[in-house]
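**Student:** In the numbering used here, the protein residues as written are 7 to 316. Backbone N, C-alpha and C fix where the C-beta goes; we use that ideal spot for every residue, glycine too. Take this structure, written in structure tokens, and hold onto it; I'll ask about it next.
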């Protein structure tokens, strides 16, 4: 099967860099909206019999980018692609992995079914908010981690401490522990709204240490803000480093981050940035890792060095 790449509109620069790394130019396609708002996509190059990788993070506006991904996959299926893999560097709706109050949709499960129905045979994702999301898929999901890339970029020393800003980030902090060999502190928070959280407790010794807050994403930055306030109150050195795979920076995020004593903020290019960015922000490219994963999958080789195991 011939390797083919198809890119959605959510992050064209990332897809083009992945293609350049692989030496494969993305297929020509059109993505447009009719006057009534309906989406229309078409693949302009032949993908018949091909091993097709559709690269599309489902970043804001999430619904539009999810539908694009589904339509592109369906177009490839109807054009005779032999195998379709959705490469989703940022998986939107990942935080909707359970019902919190009873009468709710489980968004992550709905998206999983939509991808399967569109003909996707496999999904590649990076640092899912909840690894348990893999269980929503009846097709293989390859869960990659950007932790090695971010750990290599952070400035850490023997006085540093890794901080999980909530209980959900503990496993991610453990991945960084294996890479950086630093102690871990854990923040217990309560979310009071979609944009605000309250710190309840802090476990671990942080006094006099330089904290490195690690999380899978920064959305409104409420979690980072609450963790930073608790860490400073607990006596840590007021020089914060923050590592987060997905830099969404929505709502008041940039304002909140500007107000914090952050000396290093490292994320990836899983989400294409537009508008103002926080001070000290450094984006590490996922393109080499994604290109490596695509090449391995195309050759039916193991992804073990790239996968999340915990």
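Who are residue 247's beta bridge partners in DSSP?
**Tutor:** BP columns for residue 247 point to 218, 270.
**Student:** Quick one: residues in its chain with C-beta nearer than 8 Å to the C-beta of residue 39, no 5 flanking neighbours on either side, listed in chain order?
**Tutor:** Cβ within range, chain order: 45, 46.
**Student:** Could you tell me how far apart the beta carbons of residue 80 and residue 125 are, in whole angstroms, since I believe they sit closer than 8 Å?
**Tutor:** At roughly 6 Å, the Cβ-Cβ gap stays under 8 Å, so residue 80 and residue 125 are in contact.
**Student:** Report the partner residues of residue 170 according to the DSSP bridge assignment.
**Tutor:** Paired residues: 192.
**Student:** For residue 148 and chain C, any beta-carbon pair shorter than 8 Å?
**Tutor:** No chain C appears in this structure, which consists of one protein chain only.
**Student:** Using the Cα positions of residue 160 and residue 283, report the straight-line distance between them to the nearest angstrom.
**Tutor:** The straight-line gap from Cα to Cα measures roughly 18 Å.
**Student:** Taking the C-alpha atoms as reference points, what is the distance between residue 157 and residue 163?
**Tutor:** Roughly 12 Å separates the two Cα atoms.
**Student:** Could you tell me whether the segment 220-235 touches the segment 251-268, using the rule of 3 or more Cβ pairs below 8 Å?
**Tutor:** As far as the Cβ criterion goes, the segment 220-235 touches the segment 251-268, which means the pair count is three or higher.
**Student:** Check the C-beta distance from residue 56 over to residue 7 and give it rounded, since I have them as a contact under 8 Å.
**Tutor:** With 8 Å as the limit, residue 56 and residue 7 qualify as a contact, their Cβ atoms being about 6 Å apart.
**Student:** What are the start and end residues of the beta strand (DSSP E) that includes residue 57?
**Tutor:** Counting along the chain, the beta strand (DSSP E) containing residue 57 begins and ends at 57-61.
**Student:** In the DSSP assignment, the alpha helix (DSSP H) including residue 142 goes from what residue to what residue?
**Tutor:** Residue 142 -> no alpha helix (DSSP H), and no H or E assigned at all.
**Student:** In angstroms with no decimal places, state the Cα-to-Cα distance between residue 300 and residue 59.
**Tutor:** C-alpha separation (whole angstroms): 8 Å.
**Student:** In or out: residue 21 buried (at least 16 other Cβ within 10 Å) or exposed?
**Tutor:** Residue 21 is buried by the Cβ-count criterion.
**Student:** Whole angstroms are fine: how far does the CA of residue 42 sit from the CA of residue 152?
**Tutor:** Those two C-alpha atoms are separated by around 39 Å.
**Student:** Pick from 288, 309, 118, 103: whose alpha carbon is nearest that of residue 296?
**Tutor:** For the residues 288, 309, 118, 103, the minimum Cα distance to residue 296 belongs to 309.
**Student:** Alpha carbon to alpha carbon, how far is residue 115 from residue 78? Give it in angstroms, no decimals.
**Tutor:** So the two alpha carbons sit approximately 20 Å from each other.
**Student:** How about residue 35 and residue 26: do their beta carbons lie closer than 8 Å?
**Tutor:** No.
**Student:** From residue 31 to residue 243, what distance separates their C-alpha atoms?
**Tutor:** Using only the alpha carbons, I get a separation of about 48 Å.
**Student:** Per DSSP, residue 91 forms a beta bridge with which residues?
**Tutor:** Bridge partners of residue 91: 59, 128.
**Student:** Could you pull out every residue in the same chain whose Cβ sits closer than 8 Å to the Cβ of residue 71, ignoring the five residues on either side in sequence?
**Tutor:** Contacts found: 14, 15, 16, 62, 63, 64, 65, 98.
**Student:** Helix, strand or coil for residue 309, going by three-state DSSP, please let me know.
**Tutor:** In this structure, residue 309 counts as coil in the three-state DSSP scheme.
**Student:** Would you please state the rounded distance, in angstroms, between the beta carbons of residue 136 and residue 147? I believe it to be under 8 Å.
**Tutor:** 12 Å between Cβ atoms; not a contact.
**Student:** Rounded to whole angstroms, what is the Cα-Cα separation between residue 84 and residue 37?
**Tutor:** Computed Cα separation, rounded: 16 Å.
**Student:** Helix or strand or just coil, what does DSSP make of residue 180?
**Tutor:** Here residue 180 sits in helix by DSSP.
**Student:** In the DSSP assignment, find the beta strand (DSSP E) that holds residue 46 and state where it starts and stops.
**Tutor:** Residues 45-49.
**Student:** My understanding is that residue 273 touches residue 289, with C-beta atoms under 8 Å, so please give their C-beta distance in whole angstroms.
**Tutor:** Sure, about 6 Å apart at Cβ, within 8 Å.
**Student:** Helix, strand or coil for residue 185? Go by DSSP, reduced to three states.
**Tutor:** Helix, per DSSP.
**Student:** Would the beta-carbon of residue 212 fall within 8 Å of that of residue 175?
**Tutor:** Contact flag unset, no.
**Student:** Tell me, to the nearest whole angstrom, how far the beta carbon of residue 225 is from that of residue 259; I am working on the premise that it is less than 8 Å.
**Tutor:** Rounded, the Cβ-Cβ distance is 7 Å, consistent with contact.
**Student:** For residue 11, count the other beta carbons within 10 Å of its own beta carbon; 16 or more makes it buried, fewer makes it exposed. Which is it?
**Tutor:** Counting Cβ neighbours within 10 Å, residue 11 comes out buried, since at least 16 surround it.
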